[in-house]
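Line by line, the protein sequences give chains F and R.
Heads up: the first sequence begins at 5 in the numbering used here, then just goes up one per residue.
Heads up: the second sequence begins at 5 in the numbering used here, then just goes up one per residue.
Cβ atoms here follow ideal geometry from the backbone N, Cα and C, with glycine treated the same way.
The structure displayed is predicted, hence computed values, not measured ones.
Here the structure comes first, spelled out in structure tokens, and everything after it is commentary.
Protein chains: 2
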Amino acid sequence: MVNHKWILVARPEGLPKLSDFAWREETIPALAQGQLLVRSVMLSLDPAMRGWMARDTYVPAVELGTVMRGGAIGVVEASNHCDFAVGDQVQGLLGWQEYFLSDGKGLAKLPALPVPLGARFGLLGHIGFTAYFGLLELGQPKAGETLVVSAAAGAVGSLVGQIGKIKGCRVVGIAGSDAKCDWLTKELGFDAAINYRTENLHKALKTNCPKGVDIYFENVGGKTLETVLNHMNDFSRIPVCGMIAGYNQTEPEPGPGNLFQIIVHRIKMQGFIVTDFLSRSAEARQELVAWHAAGQLQYRLDVTEGLSNAPTAFLKLFDGSNLGKVVVQVSAEN
Amino acid sequence: MVNHKWILVARPEGLPKLSDFAWREETIPALAQGQLLVRSVMLSLDPAMRGWMARDTYVPAVELGTVMRGGAIGVVEASNHCDFAVGDQVQGLLGWQEYFLSDGKGLAKLPALPVPLGARFGLLGHIGFTAYFGLLELGQPKAGETLVVSAAAGAVGSLVGQIGKIKGCRVVGIAGSDAKCDWLTKELGFDAAINYRTENLHKALKTNCPKGVDIYFENVGGKTLETVLNHMNDFSRIPVCGMIAGYNQTEPEPGPGNLFQIIVHRIKMQGFIVTDFLSRSAEARQELVAWHAAGQLQYRLDVTEGLSNAPTAFLKLFDGSNLGKVVVQVSAEN
């Protein structure tokens, strides 16, 4: 039986390139006692993977010559492991490959939920929990406050804005195309959306946030952060989820020159990583599913068929051409 | 009866200059009903005044042509006000002047305390409360943690480090001369002090903070912040008290290029202004006085005699030549 996988062969300089990955075929060995074989069904692709390719951060870098790290959902095809049976749906860091030989560690059986498989990535999992805990725990939104979200049409940002609406905030998104902005305001209920490629962000914030900004959910960093900082209210909050503007810089971009605003407006700027909230995922899952069922929380998947196209799909994250959560359909669900 | 005062006549570009101020003499009018006349005894000079001279921030800028704003302690010389009697010691924004004609608003009678007058500025008041609430509320120090303080030989920084020691932290100060560093380690009990003018800050932090940094009390900003960010531990805190490195820049200096560390290490960076904690000043006063009485908390005053020298004394704050809290002795205490 044959497995295909993408190996990381070079650390990215600037934008990741297709040539940073190499396609490998290998024969899957027979299962030893205590092992199971998982067939990957859907692989999640995320901006954070750029960091995993490059260097040690909150997790060690992917070693060159090994399979690229990635979270995926799969089905147990064969099992010599007492906790897993053939047909079980599981989730874990299966990697960019078709089959994953596992001893069960780090693998979780999917809890039964009234949502399609794709919702595990688009609504729940690290995407949904990042939006949920980042906004609610660090952002502490209150009804009537103004929430600004950057990368607002992204997987996390689009959920953040909708949760902000559920909590009674005025929600303004920043995104990179008119189509994305339309989606935010016309389908997701954002109060306004700013196309940062065609509009003057400073003026647009002034217009769309007449009472200033109480929460800035930060996915971008760089110049966007600098501009939004000048609109923050006293005692405002900046949950720092990502800084994608800097991920592909070969030289670190200078930070905002106006950090003094943090003092003037007593701003709380705080970074987080979703895994810090793992122990509370049941609580988030329950609310996210309920909001989705009530029609208050939508998600969108950007699905690429076939593992062989994974690097191409991954690059969409950095040119802004994806619409929704980027996933690869590795094999059929059933 | 004659009053002398310093008028703000120009907004600073870069470093404040003596010519930004003009010396004025005026006759003090007779007291109306409900007014009192305060003779200034001791005037506090602080880095934040650079901001007051330049632009609206958390308080409006000082208007050109009016007396320069400043906190001072004085004695009531004459009173037509039922709440104040001749001889009362009072504190308030008396300004850079010898006499202050007041209707009583914003003026507080000094509570009786077993400390010399100078302690009202060096140990208590906005200096002491800034150190106290900034470190304890935002920094949340725990025994065994490592605290780094920039501008550590300054009025606030020197208190912050000593309070850190009281709370059981390893305390490392950053200061601008060997004499200041010696004072920190030999007299104030800091575990280590780094002379940023002669040492490589990155290497010195590595040596002196072997377990990383849990709290960075930020008075400086700029390159210092960037360097310390690379040493912060997971879930560390950065109370942002000041960013003096940028106060005299004509062009805003770029911020740190490594703000991504905020995510990697889940750092909480939070600005504050001491007046936000006004309602809790009794609590701070009590502890600060008790620590001082127990010999655990020292302060040092840098006293300049005579209001006419106020601008010269003020400039010391920006060339690092002051040793301790800068004040002007405007008149004799009794």
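Distance CB(residue i)-CB(residue j) smaller than 9 Å
i	j	result
F/Trp100	F/Met72	yes
R/Leu98	R/Gly75	yes
F/Tyr220	F/Ser154	yes
F/Val232	F/Val217	yes
R/Glu141	R/Phe276	yes
R/Arg59	R/Asn252	no
R/Leu229	R/Met247	yes
F/Asp186	F/Asn212	no
F/Leu41	F/Ser83	yes
F/Ser181	F/Arg304	no
F/Ile178	F/Ala156	yes
R/Gln302	R/Glu149	no
R/Val332	R/Ala317	yes
R/Phe25	R/Ala314	yes
F/Glu257	F/Tyr136	no
F/Gln274	R/Arg124	no
F/Thr189	F/Ala197	yes
F/Val45	F/Gly18	no
F/Pro51	F/Leu311	no
Enclosing beta strand (DSSP E) for residue i [first to last residue]
i	result
R/Leu47	40 to 48
F/Asp238	236 to 244
R/Ser106	103 to 106
R/Phe25	25 to 31
F/Met342	Not covered by the structure: residue 342 of chain F. The range shown for chain F is 5 to 338.
R/Lys329	329 to 333
R/Gln95	93 to 96
R/Asn7	6 to 12
F/Asp306	305 to 309
R/Phe221	217 to 221
R/Ala52	Careful: R/Ala52 lies outside any beta strand (DSSP E), inside the alpha helix (DSSP H) at 52 to 58.
Under 9 Å from the C-beta of residue i: neighbouring residues of chain C
i	result
R/Gln274	Any reference to chain C falls outside this structure, whose protein chains are F and R.
Classification of residue i by the beta-carbon crowding that lies within 10 angstroms, buried from 16 upward
i	result
R/Val90	exposed
R/Gln300	exposed
F/Ala159	buried
R/Thr134	buried
F/Ala336	exposed
F/Arg174	buried
R/Glu29	exposed
F/Glu255	exposed
R/Asn326	buried
R/Arg201	exposed
R/Asp323	exposed
R/Val80	buried
R/Ala294	exposed
F/Lys146	exposed
F/Val6	exposed
F/Gly69	exposed
F/Glu222	buried
R/Gly143	buried
F/Lys329	buried
F/Gln166	buried
R/Gly110	exposed
Neighbour list for residue i in chain F, Cβ cutoff strictly below 8 Å
i	result
R/Leu321	What R/Leu321 touches in chain F: nothing, since even the nearest Cβ is about 17 Å away.
R/Gly143	None at all; the shortest Cβ gap to chain F is about 13 Å.
Chain F residues whose Cβ lies nearer than 7 Å to that of residue i
i	result
R/Thr61	Val268
R/Asp280	Arg270
R/Ile32	By Cβ distance, chain F contributes nothing, its closest Cβ being about 35 Å from R/Ile32, past 7 Å.
7 Å Cβ cut-off: residues of chain R touching residue i
i	result
F/Gly261	Pro256, Glu257, Pro258, Gly259
F/Val244	Ile266, Ile267
F/Gly250	Phe264
Cβ-heavy atom distance, residue i to the ligand ATP, below 8 Å
i	result
R/Tyr251	Here there are no bound small molecules, and the ligand ATP is not part of this structure.
Within chain R, partners of residue i - CB distance below 9 Å
i	result
F/Gly225	Leu263, Phe264
F/Ile277	Ile267, Val268, Arg270
Within chain R, the residues that residue i reaches when beta carbons sit closer than 8 Å
i	result
F/Ile11	Ordered by position in chain R, no residue passes the 8 Å Cβ test against F/Ile11, which lies about 25 Å from the chain.
F/Met247	Leu263, Phe264, Ile267
Alpha helix (DSSP H) segment containing residue i, residue limits
i	result
R/Leu292	285 to 297
R/Thr231	226 to 233
R/Asp186	182 to 186
R/Leu151	Here R/Leu151 belongs to no alpha helix (DSSP H); instead the beta strand (DSSP E) covers 150 to 153.
R/Ile267	265 to 268
F/Val164	159 to 170
Are the stretch 276 to 290 of chain R and the stretch 284 to 297 of chain F touching, with three or more C-beta to C-beta distances below 8 Å? no
I want to know whether the stretch 5 to 15 of chain R touches the stretch 123 to 141 of chain F - three or more CB-CB distances under 8 Å. no
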